[in-house]
Every structure is written in structure tokens, then in C-alpha cells.
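If you count the sequence shown from 1, you need to add 175 to reach this note's numbering.
Single-structure report; data block below.
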Amino acid sequence: MNIWRNKNKKVKYQGLDMTRIPKHLAVIMDGNGRWAQKRGMPRSVGHRAGVEALRDIVRLSDSLGVQYLTVYAFSTENWKRPRSEIGILMSLLKEYVIKELDELHANNVRIRVLGDMANIPEDVRAAYVIACEKTKDNKGLVLNVALNYGSRAEITQAAKKIAQDVLQGSINYEDITEELFEQYLFTRDCPEPELLVRTSGEMRLSNFLLWQVAYSEIVVVKELWPDFNEKSLLEAIRIFQNRERRFGGIKKVEE
């Protein structure tokens with residue numbers, strides 16, 4: 176039984192074509208610190224408010240029928256932040272997955288981590304290992320948490336692994352294709368995102384899913400992440416549905 180969908184079954188998402196909901200939604204959750212600073216509060220307050228926003232967006236994504244939700248939780252560049260802020264972020268990441276695990280599991284959500292977990296604090300890593308193991312057989316929404324993730328590092332590592340496999344003779348040089356390359360990425364079991372949403376109005380990808388979003392529709396919204404709510408996501412999907420995805424082709428012309 177899916178608690179979220181039963182709870183929301185009477186909700187009408189006005190203006191949305193429910194047959195064209197993005198299968199894979201990716202989100203750059205940006206602006207927690209600025210949200211707090213605008214209110215004269217510590218950045219940590221903004222990060223905690225961002226966790227609340229994530230909780231709501233996960234629930235709505237599942238209710239809409241999104242199959243994959245990939246969120247940029249902590250990038251490889253975030254290690255450059257003050258040690259105190261990194262500590263707060265890690266604590267919140269651990270707190271989120273521990274507190275939400277039972278509810279996510281009850282709603283058939285599968286949790287996956289995209290990124291290099293080697294440098295993540297042991298207690299945080301352990302919490303996500305437990306969550307991934309507990310939900311691995313769930314068939315509902317796949318929640319990809321990009322944790323210590325950087326797309327350039329992901330692509331570089333994939334190239335190294337392919338080169339190693341060629342040298343070891345497990346694959347031939349002639350067999351290397353885009354499809355094969357994708358099997359060496361963290362997202363190998365996921366379709367490419369149809370829609371990438373970035374909050375805070377910043378017009379950049381920030382080293383997130385550079386390979387995967389080659390043909391994604393990108394919607395940048397002005398709201399800072401803690402202000403991004405259900406209405407914001409529905410509007411982003413409306414914008415997505417009003418676009419024509421051409422994958423390098425030309426717009427269809429009526430005969």
C-alpha cells in the first residue's frame with residue numbers, strides 16, 4: 176500500500192498532462208545558505224529548512240508518478256566549505272535518512288547513493304548503506320541521493336575502468352559505445368533525466384550529471400531551495416510539458 180498516493184488520490188493537479196510526467200526528475204537544491212542569511216539566521220538553519228523542502232518534494236514526486244528522483248545533496252566541491260558547515264551538512268544527511276527511512280520504505284521507495292562514499296564519515300556512510308540495503312527490493316520511486324558526487328570525476332573514473340577492462344581483455348576497443356560507457360556511470364540503471372530543475376536562479380550545472388542531462392529540459396527557478404514547494408514543482412513540470420523535446424532535430428511542421 177502506498178500511503179502517499181492514497182492520501183493524495185483526490186488531489187487534482189490542474190493544468191498538468193498526467194501522461195507526460197517526467198519519468199526521471201533531477202534537482203539541484205541550491206540556496207539554503209542565502210535563504211538563512213536573508214533572514215539574519217545561521218546557514219545551518221537554511222540547511223535544515225532545505226531538508227523539510229526535500230521531504231515535501233519526494234512525497235509529491237511519488238504521488239505524481241515520477242519514477243526516478245535524483246537530488247544533488249553534497250558535491251565533491253562542497254568539501255571546500257568551512258569544516259563546521261560540512262559537519263552540519265553531514266549530520267543533516269544522516270538525520271534525514273534515519274528519520275525518513277521507515278516512511279520511505281513503507282511507500283515502496285528505493286534509496287540509492289550516487290557518488291564516492293569513501294570520504295564520507297563512517298556513521299553517515301553506514302546510515303546510507305543500511306537504507307539502501309533495506310529498500311533495495313522496493314519497486315516504487317527510486318530516490319537517488321548524489322552524495323560526494325562530481326560529474327567530471329564520475330566520467331573520469333568510468334574512462335579509467337573501461338581502459339582497465341580493455342587492457343584485461345574483458346572488452347574490446349571496438350565495443351566501446353555511448354551505451355557501453357553509460358554502464359560505467361553511477362546512473363547505469365536509470366534513464367536519462369527528462370527534466371532538470373535548479374533553484375536560486377543560478378544558470379549553471381555545477382558539475383551535476385553532465386553526461387546524463389545532454390538532452391534534458393532545464394528549468395531554472397528563482398526560489399531558493401527552502402522556498403521550493405509543491406506549487407513550485409508543479410509549475411516547473413508545466414513548463415516542461417509546454418516544451419517540445421527535439422533531441423537535436425527540428426520542430427515539427429504541420430503539413
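C-beta atoms are modelled at their ideal positions from N, C-alpha and C, and glycine is treated no differently.
For clarity, every value in this text was computed on a predicted model and none was experimentally measured.
Bridge partner(s) assigned by DSSP for residue i
{"i": "R249", "result": "Checking the displayed sequence, the identity of residue 249 turns out to be Phe instead of Arg. L322."}
{"i": "E392", "result": "L370"}
{"i": "H199", "result": "Y243"}
{"i": "R285", "result": "V317"}
Closest Cα partner of residue i within the set the options
{"i": "C307", "options": "A334, E275, L235, Y324", "result": "E275"}
{"i": "R373", "options": "E367, D231, A201, R287", "result": "A201"}
{"i": "E252", "options": "E410, S381, Y188, V341", "result": "S381"}
{"i": "N283", "options": "K336, L355, R234, E410", "result": "R234"}
{"i": "P368", "options": "V396, I295, K269, V241", "result": "V241"}
{"i": "R195", "options": "L370, I351, H222", "result": "L370"}
{"i": "D312", "options": "R287, K335, V299", "result": "R287"}
Buried versus exposed call for residue i [16 or more other C-beta atoms within 10 Å across all chains shown]
{"i": "P197", "result": "buried"}
{"i": "T310", "result": "buried"}
{"i": "Q189", "result": "exposed"}
{"i": "R421", "result": "exposed"}
{"i": "D237", "result": "buried"}
{"i": "T362", "result": "buried"}
{"i": "S259", "result": "exposed"}
{"i": "G344", "result": "exposed"}
{"i": "Q339", "result": "exposed"}
{"i": "Y247", "result": "buried"}
{"i": "A302", "result": "buried"}
{"i": "N319", "result": "buried"}
Rounded straight-line distance, which links the Cα of residue j to that of residue i
{"i": "L316", "j": "M204", "result": "19 angstroms"}
{"i": "F415", "j": "L244", "result": "16 angstroms"}
{"i": "A211", "j": "K314", "result": "37 angstroms"}
{"i": "G225", "j": "P401", "result": "5 angstroms"}
{"i": "E329", "j": "A389", "result": "15 angstroms"}
{"i": "N417", "j": "R285", "result": "30 angstroms"}
{"i": "L229", "j": "M193", "result": "22 angstroms"}
{"i": "M216", "j": "N207", "result": "11 angstroms"}
{"i": "V394", "j": "E410", "result": "10 angstroms"}
{"i": "G261", "j": "L267", "result": "The question names Gly, but residue 261 is Ile in the sequence shown. The straight-line gap from Cα to Cα measures roughly 10 angstroms."}
{"i": "L322", "j": "I295", "result": "8 angstroms"}
{"i": "T331", "j": "V341", "result": "15 angstroms"}
{"i": "R413", "j": "I232", "result": "16 angstroms"}
{"i": "I273", "j": "E419", "result": "40 angstroms"}
{"i": "D364", "j": "E357", "result": "9 angstroms"}
Quiz item: What are the start and end residues of each continuous beta strand (DSSP E) run of 3 or more residues lying completely inside the stretch 250–274, in chain order?
Solution: none
Practice problem: Run through the stretch 323–361 for me and flag every whole beta strand (DSSP E) of 3 or more residues, listed as ranges in chain order. | Solution: none
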